[in-house]
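Residue numbers (the numbering used here), protein chains in the order written: chain B, 22 to 341; chain H, 11 to 678.
Every residue, glycine too, gets a C-beta built ideally from N, C-alpha and C.
Working notes, beginning with the structure itself.
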């Protein structure tokens, strides 16, 4: 049986992105942390710190609580797998990713939801007060963030008449800097969702273990060693995936088109620039805002949800 | 089909007859031990046969049969077309699992009134099948009432408990109010043409003005809505479902609610000659309100079966949204989209029948193992009930709408229908659509919240009561039933192209339009156009499993797999007990707080100096107090006035008769 060379190339491409995102994701987290450190007049641990942390964690012996069940043990792998997959199907360098056909934007939201469900369940598995508190808060944040994300993605799908990510990116990249009013609202909503879903200030703080405020950290409190490493890595991948979605929806220009291999180096360089800028922007956002009380978070996310719906409505009204 | 083989309709009739027979045999069977071991599995096999016959008949022509029973001028008409076949398959698939389960579950009732239960149970199954087959209003109402009564007696199995009697009465009351509305709807549709016009065929042919068609639609929507639990007639559902034995709850929630959906579809698209656009808007609006209401209340429940009952209300809301969308698209001539919305509705009906039955029978096993329905007294069951915990996890993931299971497929289809909608001629509806899509997304996300609570509080964590250490796993027959239902969830999730191909036949016969799969590849679900949207659960599963396996392998290879067990981190406070975990109420607290205006909350908070501090919180349905209690008071007042005439003395009634006669003689 002959397989067309384009297909082989596309598969090679898919595998390359798979490898690239998993290796590069901690770098993005490191970069955001480093920027934050600079903004706070600290010297910081360097952009490679996340890799050192991962290496350290992987070497340690895992410690499980006495009543941890199988669910607790498989969750890190499921979460890691889901996030890896999510980051790998978002077209950021080139648009022809074969696997993007198997999972469109709705399925992408589904992947995030699947990982979230498992991590929340695992948090409740040990039966400490912190775990279930974290699970409850995580689900609280996400029940508003998830529909908001879906609405943002719907706005983009409506504009490009497709729910497939490559199609969306292709069609958005072709419009030469046309400003869509609906996308502007969507972008605003997306930033809020990104902050909330990635446990960033002002909704959560990834660097604290303060009982009253933590969400994500409360859920993973019982994890150690390789399990913790996988979850941390998955968090980096999730941040990478969200930033990629942002780039793909709102700044897709310069992406390499189908079969256009010559554009690849330029696309890579542009992507690097976009990621650096996005990471720095995220750090600035976090440094200038303060953590809010947990019950302010639903209002904050409610705003995102309404903005996203507004964006969709504007698309229906103006057709743009 | 050749002459020697049986037609699907004949097989279906045979199955119905067999069920009735099983019930009758059960009544006279003295040995209750073999009753559960023989009769229930036989009933399950009949259900499987029903599903198989339906499956074989799905693509073929409608079959009809007239039985010499019933009224003199209106014999029983039976008809098996694509729509009823689809729902018969649903009935067969779900009740096969539930009957298998029941054969294990009802063993604890041996020596009690099991024969009666067997009769009611199989009559219930038979009447549901008959509702789906009925082709005239008379048979339909007979079957419908048989279904209501048999399920009423099943609900009140434990009638010694006053609360269960009350729940049963409420159910019976609302079922009958609904039945009156359905009867009136049939009356409107037959258009006053004598008793022969009560066949569905005559109704299809009867010309109706849009006014009377709307009247019929509204009556049918109310009547069937009362059975399905659509707002505001939902109040019986969270009372009756927990009261019934778990297999019965599973059948009621998984299958009986779908007969109401079948009724709405049958009346709206088949019996009524034309549809009006605002019907769709009404159904859509009602569906959205019902969905959000259901999931909101599910989030604050402490009783596991009540939680599932509210979740059923949510799912019925989603189905109604699908019907509303189908109506809108159908009226505006968007044939392909109407088929898509209908496919989403039917797919979700099937999904809900599988995962809700699975979850309800699962609660039955928990009830057996622990004797506890209150989630606040459960916990940690994953260590004691390995089978139940794995199978229930499948159900929980499916109902939360997560890929690659079945709940996600129908949600995906419904959202695709929304996404493809722009360009409707009515700009108001055009604007309603994105808002509706947002509400659906919100309800789906809240459903995940509810399910984390459901599974987490029951199965995970530490035992909240010491007695839970003695909890045992589900028995072998119980397991078999649950495995079947869980497999159905997985299969419906992994092979959507195949299922959709079958559903398409229903859409073709009902709407005259077809969806078709744009992709030639059976792995890819791609309605309308491959470029617009596609989803492949198989590849999805393979990819997630692949990267998971790869990460396990790499971690083991590059590092190690060493593991130790230790105490959980206690935060420097060693006196922690299992009671310090989050409870069901605690988990629902944020929802209660955010949606506070929608609940009627009673709270009893201890003071600072209480020696025995007690906290008590309870959230109630406002509608009960704003609608039902005033209605009850009104009824009581009216009947009080009517009772002025009634004294129960013979001579007074004779005087009434005499007075009536005199008045009539004077006037006539």
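- Taking 9 Å as the cut-off, the Cβ atoms of residue 158/B and residue 222/B do not count as close.
- For residue 125/H, the closest Cβ of chain B is not nearer than 9 Å.
- Each residue's CA atom was taken as its position, placing residue 401/H and residue 91/B some 14 Å apart.
- Taking 9 Å as the Cβ-Cβ cut-off, the region 203 to 228 of chain B has no residue approaching chain H.
- By the Cβ-count criterion, residue 54/B is buried, with 16 or more other Cβ atoms from all chains shown falling within 10 Å of its own Cβ.
- Between the alpha carbons of residue 26/H and residue 488/H lies a gap of roughly 24 Å.
- Note on the region 144 to 182 of chain B: whole alpha helix (DSSP H) runs with a minimum of 4 residues are 150 to 181, in chain order.
- Within chain H, the residues 553, 554, 555, 556, 557, 558, 559, 560, 561 have their CB atoms less than 9 Å from the CB of residue 102/B, given in chain order.
- Setting aside the 5 residues that flank it on each side, residue 83/H is surrounded in the same chain by 205, 206, each with a C-beta closer than 7 Å to its C-beta; the list follows chain order.
- Using a Cβ-Cβ cut-off of 9 Å, residue 487/H is close to nothing in chain B; its nearest Cβ partner there is about 25 Å away.
- Any Cβ of chain H closer than 9 Å to the Cβ of residue 42/B would place that residue at the interface, and such an atom is absent.
- For residue 94/B, the enclosing alpha helix (DSSP H) stretches over residues 91 to 109.
- With 16 or more other Cβ atoms from the protein chains shown falling within 10 Å of its own Cβ, residue 103/B counts as buried.
- The Cβ atoms of residue 414/H and residue 327/H do not sit closer than 9 Å to each other.
- Residue 597/H carries a helical assignment under DSSP once its states are collapsed to helix, strand and coil.
- When rounded, the separation of the alpha-carbon atoms in residue 391/H and residue 228/H is 46 Å.
- Under the Cβ distance rule, residue 125/B counts among the residues neighbouring chain H, one pair being separated by less than 9 Å.
- Residues of the region 431 to 452 of chain H with a C-beta less than 8 Å from any C-beta of chain B: 432, 440, 441, 443, 444, 445, 447, 448, 451, 452, listed in chain order.
- At a cut-off of 9 Å, the C-beta of residue 72/B has no neighbouring C-beta in chain H.
- Following the DSSP letters along the chain, one finds residue 76/H inside the beta strand (DSSP E) bounded by residues 73 to 80.
- Closest in C-alpha terms to residue 93/B, from the list 466/H, 91/H, 324/H, comes 466/H.
- By the Cβ rule, the region 153 to 166 of chain H counts as touching the region 180 to 196 of chain H, because three or more pairs are nearer than 8 Å.
- Under the Cβ criterion (8 Å, minimum of three pairs), the region 299 to 317 of chain B does not count as touching the region 146 to 153 of chain B.
- In the displayed model, residue 120/B falls within a helix according to three-state DSSP.
- Residue 246/H is outside the set of residues whose beta carbon lies under 9 Å from a beta carbon in chain B.
- In the displayed model, residue 625/H falls within coil according to three-state DSSP, outside both helix and strand.
- Rounded to the nearest whole angstrom, the CA to CA distance from residue 216/H to residue 223/H is 10 Å.
- Listed along the chain, the chain B residues whose CB falls inside 8 Å of the CB of residue 420/H amount to none; the nearest CB is some 12 Å away.
- In the DSSP assignment, residue 202/B falls within the unbroken alpha helix (DSSP H) covering 202 to 218.
- Only those residues of the region 461 to 478 of chain H whose C-beta falls short of 7 Å from the nearest C-beta of chain B are listed: 462, 465, 466, 470, 471, 472.
- For residue 185/B, the neighbours in chain H by C-beta distance under 8 Å run, in chain order, 541, 542, 543, 544.
- Residue burial annotation: residue 228/B is exposed, with fewer than 16 other C-beta atoms found within 10 angstroms of its C-beta.
- Under the rule that a run must span 3 or more residues, no beta strand (DSSP E) segment is found entirely inside the region 437 to 493 of chain H.
- Within the same chain, 92, 93, 96, 356 come within 7 Å of residue 516/H by CB-CB distance, once the 5 residues on both sides are set aside.
- Of 343/H, 277/H, 653/H, the smallest CA-CA separation from residue 523/H is found for 343/H.
- When C-beta atoms of the region 323 to 332 of chain B are compared with those of the region 236 to 249 of chain B, fewer than three pairs fall below 8 Å, so the two segments do not count as touching.
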